[in-house]
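So the mapping is simple: our numbering equals the position in the sequence shown, first residue as 1, plus 113.
Glycine included, every Cβ here is placed at the ideal spot set by N, Cα and C.
One structure is given below, encoded as structure tokens.
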Amino acid sequence: MLALLRRGAPSLLLLSSTFAAWEVLAAADRSATRLIPPPSAVFAAMANSAERLLRFHIPTTLYEALVGMLIALIVGVLAAALLDFLPVLRRAVYPILVISQTIPLVAIAPLLILIFGFGVESKIVIVALFAFFPIAVATLDGLTGTDTELVALLKAMGATRGQIWRKVRLPSAMPSLFSGLRIAATYAIGGAMIGEFVTAQYGLGQYLRQAFNQSRLDQGFAAVVIASALSVLLVACVSLIERLLLGWYFTPERESGWQIERSNR
Numbered sequence: 114m115l116a117l118l119r120r121g122a123p124s125l126l127l128l129s130s131t132f133a134a135w136e137v138l139a140a141a142d143r144s145a146t147r148l149i150p151p152p153s154a155v156f157a158a159m160a161n162s163a164e165r166l167l168r169f170h171i172p173t174t175l176y177e178a179l180v181g182m183l184i185a186l187i188v189g190v191l192a193a194a195l196l197d198f199l200p201v202l203r204r205a206v207y208p209i210l211v212i213s214q215t216i217p218l219v220a221i222a223p224l225l226i227l228i229f230g231f232g233v234e235s236k237i238v239i240v241a242l243f244a245f246f247p248i249a250v251a252t253l254d255g256l257t258g259t260d261t262e263l264v265a266l267l268k269a270m271g272a273t274r275g276q277i278w279r280k281v282r283l284p285s286a287m288p289s290l291f292s293g294l295r296i297a298a299t300y301a302i303g304g305a306m307i308g309e310f311v312t313a314q315y316g317l318g319q320y321l322r323q324a325f326n327q328s329r330l331d332q333g334f335a336a337v338v339i340a341s342a343l344s345v346l347l348v349a350c351v352s353l354i355e356r357l358l359l360g361w362y363f364t365p366e367r368e369s370g371w372q373i374e375r376s377n378r
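Following this line, the structure appears as structure tokens:
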């Protein structure tokens with residue numbers, strides 16, 4: 114815990130300094146507050162809407178983000194495994210998968226809502242689409258980057274493809290999988306909010322749309338700050354789970370290998 118606090122201290126210091134400077138500049142130039150409200154006004158808007166945020170908007174967005182990420186994780190890992198097992202299919206599908214990312218999901222979000230309905234299901238689908246690509250690509254890169262000498266050794270020992278995949282390829286791909294999952298976590302909250310902004314009863318996107326309709330800049334900035342905090346929380350949870358599951362990967366030598374190498378010179 115202390116090590117985590119030490120690593121996060123510079124970021125917290127920078128963030129606090131930014132908020133302080135923002136507040137001072139807003140106090141010095143009152144006319145600017147019509148365009149960018151000071152942090153005190155943003156946090157006041159959060160306090161005024163605390164009950165609605167905590168009871169309805171934040172839980173709804175978190176639910177959509179978590180379920181969407183779970184679906185993307187399952188489908189992404191299965192897709193990566195299939196493409197890893199079938200190189201011919203990988204050569205055919207992978208370019209199409211990359212090209213599909215040029216389609217702006219923001220533009221097709223209304224279509225997805227029309228297809229999957231106005232409930233949370235359509236928002237979950239949007240989150241899953243946002244999160245699928247980084248998870249699938251990162252996992253596939255991890256699977257294809259397995260140590261070939263280790264794979265050859267297991268083949269020489271008579272291991273089947275399934276055994277090699279379970280014992281070597283999948284474990285070696287786990288760090289890459291979590292890297293993709295961390296990237297997906299940064300997209301999840303924003304993806305849910307995009308769907309909610311189009312139409313929703315609850316959620317941070319609906320809260321932001323309400324602020325837009327009422328020209329409430331303080332409430333709009335509050336939605337952005339909360340969404341950013343939730344995204345950071347999701348990334349931190351993914352990193353924590355990674356450390357719990359992959360304790361063998363986070364050795365002191367790996368984390369500070371460059372320092373050890375320099376000390377040995």
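What did DSSP end up calling residue i once you bin it into helix, strand or coil?
| i | result |
| --- | --- |
| Q332 | helix |
| V361 | According to the sequence provided, residue 361 is Trp. The question's Val does not apply to it. Residue state, collapsed to three classes: coil. |
| S352 | helix |
| L321 | helix |
| G370 | Because the pLDDT at G370 is just 49, under 50, the model does not fix this residue reliably, and the point stays unresolved. |
| Y300 | helix |
| M287 | helix |
| D254 | helix |
Can you tell me where the alpha helix (DSSP H) with residue i in it begins and where it stops?
| i | result |
| --- | --- |
| D197 | 171-198 |
| A160 | 152-161 |
| L227 | 218-229 |
| I277 | 274-277 |
| V265 | According to the sequence as given, residue 265 is Ala; it is not Val. It spans 261-269 - the alpha helix (DSSP H) in which A265 sits, taken as one unbroken run. |
Short of 6 Å in beta carbon distance, which residues of its chain neighbour residue i, apart from the five on each side in sequence? Order them along the chain.
| i | result |
| --- | --- |
| G316 | H170, T173, T174, E309 |
| A286 | T252, G255, L256 |
| P247 | G293, I296, A297 |
| P288 | Y362 |
| E355 | F291 |
Whose C-beta lies closer than 7 Å to the C-beta of residue i among residues of the same chain, with five residues either side of it excluded?
| i | result |
| --- | --- |
| G150 | Before going further, note that residue 150 is Pro rather than Gly in the sequence given. Contacts found: L330, D331, F334. |
| A321 | Ala is not the amino acid found at residue 321; the sequence shown has Leu there. Only M306, F310, G333, A336 meet the Cβ criterion. |
| L186 | I248, L294 |
| L196 | L202, R203, V206, Y207, L253 |
Tell me whether the beta-carbon of residue i lies closer than 8 Å to the beta-carbon of residue j.
| i | j | result |
| --- | --- | --- |
| R347 | A305 | Per the sequence shown, the amino acid found at residue 347 is Leu instead of Arg. Going by C-beta atoms, L347 is not nearer than 8 Å to A305. |
| A324 | A313 | no |
| V351 | R295 | yes |
| V56 | L290 | With the chain running from 114 to 378 in the structure shown, residue 56 is simply not present. |
| L242 | L218 | yes |
| E164 | I237 | no |
| G181 | A269 | no |
| W135 | P123 | no |
In its own chain, which residues sit with a C-beta less than 8 Å from the C-beta of residue i, not counting the 5 before and 5 after it?
| i | result |
| --- | --- |
| L148 | L330 |
If we count Cβ pairs, one from each stretch, closer than 8 Å, do we get three or more for the region 258-267 versus the region 167-183?
-> no
Determine, using beta-carbon pairs with one atom in the region 273-292 and one in the region 217-233, whether at least three such pairs fall under 8 Å.
-> no
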